[in-house]
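Chains as they are written, first to last, in the numbering used here: chain A, 1 to 145; chain G, 1 to 145.
Ideal Cβ positions, reconstructed from N, Cα and C, are used throughout, including at glycine.
Number of protein chains: 2
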Amino acid sequence: MDDKFKLENQLCFRLYTASRLLTQAYHPLLGEHGLTYPQYLVLLVLWEKDEQPVNDIAKRLLLETNTVTPLLKRMEAEDIVTRSKGQEDARQMIVKLTKKGRGLQKKLTDVPETVGNAVICESVTPETVPGLFVMLDDIIKQLKQ
Amino acid sequence: MDDKFKLENQLCFRLYTASRLLTQAYHPLLGEHGLTYPQYLVLLVLWEKDEQPVNDIAKRLLLETNTVTPLLKRMEAEDIVTRSKGQEDARQMIVKLTKKGRGLQKKLTDVPETVGNAVICESVTPETVPGLFVMLDDIIKQLKQ
DNA sequence: TATATTTGCATCGTGAACGATATAAATAAC
DNA sequence: GTTATTTATATCGTTCACGATGCAAATATA
Chain A
1 MDDKFKLENQ LCFRLYTASR LLTQAYHPLL GEHGLTYPQY LVLLVLWEKD
51 EQPVNDIAKR LLLETNTVTP LLKRMEAEDI VTRSKGQEDA RQMIVKLTKK
101 GRGLQKKLTD VPETVGNAVI CESVTPETVP GLFVMLDDII KQLKQ
Chain G
1 MDDKFKLENQ LCFRLYTASR LLTQAYHPLL GEHGLTYPQY LVLLVLWEKD
51 EQPVNDIAKR LLLETNTVTP LLKRMEAEDI VTRSKGQEDA RQMIVKLTKK
101 GRGLQKKLTD VPETVGNAVI CESVTPETVP GLFVMLDDII KQLKQ
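Below is the structure:
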């Protein structure tokens, strides 16, 4: 009885574990450059579009500003980004890549492929990944409300 | 150029986000009983088999003991589990459910279904979830080494 | 049996996550 | 134009995660 409580029947535990383990796979690659995985996510956002307010970065990553603000301060301390008051709206804090922050893109050029290769296995291949993306995107969309 | 750095092409970001959002979905249901999601996972493990050493619980959840130990201490403080030195091996710390810990199973009986329903959507249905489980299990197995 | 190694757990420090709350600037309502 | 509300960000407290390290009990080795 109570198979519903079995760990093997839990979607959330699988997501939680897969997320942690895959983040761990990034660790040696990013740590070499003094980065954490959430900091790497901020870089992905800024590499796509530089000079964004805190709020835009947080929304893109589906995080709260109270998570992102301290993270950005650490990145500022490491000279990866600058933070400066917005011109038109003084409430905003505009985050901008430094030369070092932009330069990290080249240094991390092999990271996506390295990590991508690490997860390739029986049921997870270039052919099946798009289907996995659809399901995860649906779950995220659903839970965002 | 550099589509490989686009957030939309990242498996890890999807897992990370889906995991966080699904954990958030548990929050109101568990918080009502003073539980966090990782504490709920410990309960799932102990409900399956009571009286386990810290190490067995940690291994089951693929966590380190330095994560699990403080978590168990909080659960002990909340009178959900007891922790006592092992008889045959004095290094072990045996974790056992209290009456309250066992009783929580009945109180949380609706949680799996409630959360399960919350993720049902277009591409995630009782028919497609098993396929998703296979892929996530493969990823976990692969990353465990 | 004395010493070395392994094992199980704990402590410490750092960096997320996140709920709750605070503050100042911008905007809306009166 | 003054007051009320919303918005953008920050601060605070608690709980994970997790690498690094410490310590005592158990086991292996000499």
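Whole angstroms are fine: how far does the CA of residue j sit from the CA of residue i?
i, j, result
"A/V119", "G/I139", "6 Å"
"A/P38", "G/E51", "37 Å"
"A/S84", "A/L22", "33 Å"
"G/V68", "G/D56", "11 Å"
"A/Q24", "G/F13", "13 Å"
"G/A58", "A/L46", "37 Å"
"G/L15", "A/L15", "6 Å"
"G/G116", "G/Y26", "10 Å"
"A/P53", "A/R91", "10 Å"
"A/R74", "G/L143", "29 Å"
"G/P112", "A/Q87", "49 Å"
"G/L108", "G/L41", "12 Å"
"A/Q145", "G/C121", "12 Å"
"A/L62", "A/D3", "32 Å"
"A/T17", "G/R60", "11 Å"
"G/T125", "G/P28", "23 Å"
"G/G31", "A/N66", "21 Å"
"A/F5", "G/L44", "6 Å"
"A/K49", "G/T128", "36 Å"
"A/T114", "A/L72", "26 Å"
"A/R20", "A/Q105", "23 Å"
"A/L35", "A/K141", "28 Å"
"A/S123", "A/D89", "49 Å"
"A/I94", "A/G103", "19 Å"
"A/P70", "G/H33", "30 Å"
"A/E64", "G/E64", "27 Å"
"G/D149", "A/D110", "The question about residue 149 of chain G has no answer here: the residues shown for chain G are numbered 1 through 145."
"G/D137", "A/D137", "18 Å"
If you run the structure through DSSP and keep just helix, strand and coil, what is residue i?
i, result
"A/L149", "Chain A is shown only over 1 to 145; residue 149 of chain A falls outside these bounds and no answer can be derived."
"A/P126", "coil"
For residue i, write down the residues that DSSP places opposite it in a beta bridge.
i, result
"G/Q39", "G/Q39 is not bridged to any residue."
"A/R83", "A/V95"
"A/P53", "A/I94"
"G/C12", "The partner list for G/C12 (beta bridge, DSSP) is empty, contrary to what the question assumes."
Just checking, does the stretch 73–89 of chain A make contact with the stretch 98–117 of chain A on the three C-beta pairs under 8 Å criterion? yes
Cβ contact (3+ pairs, closer than 8 Å) linking the stretch 7–14 of chain A and the stretch 114–134 of chain A: no
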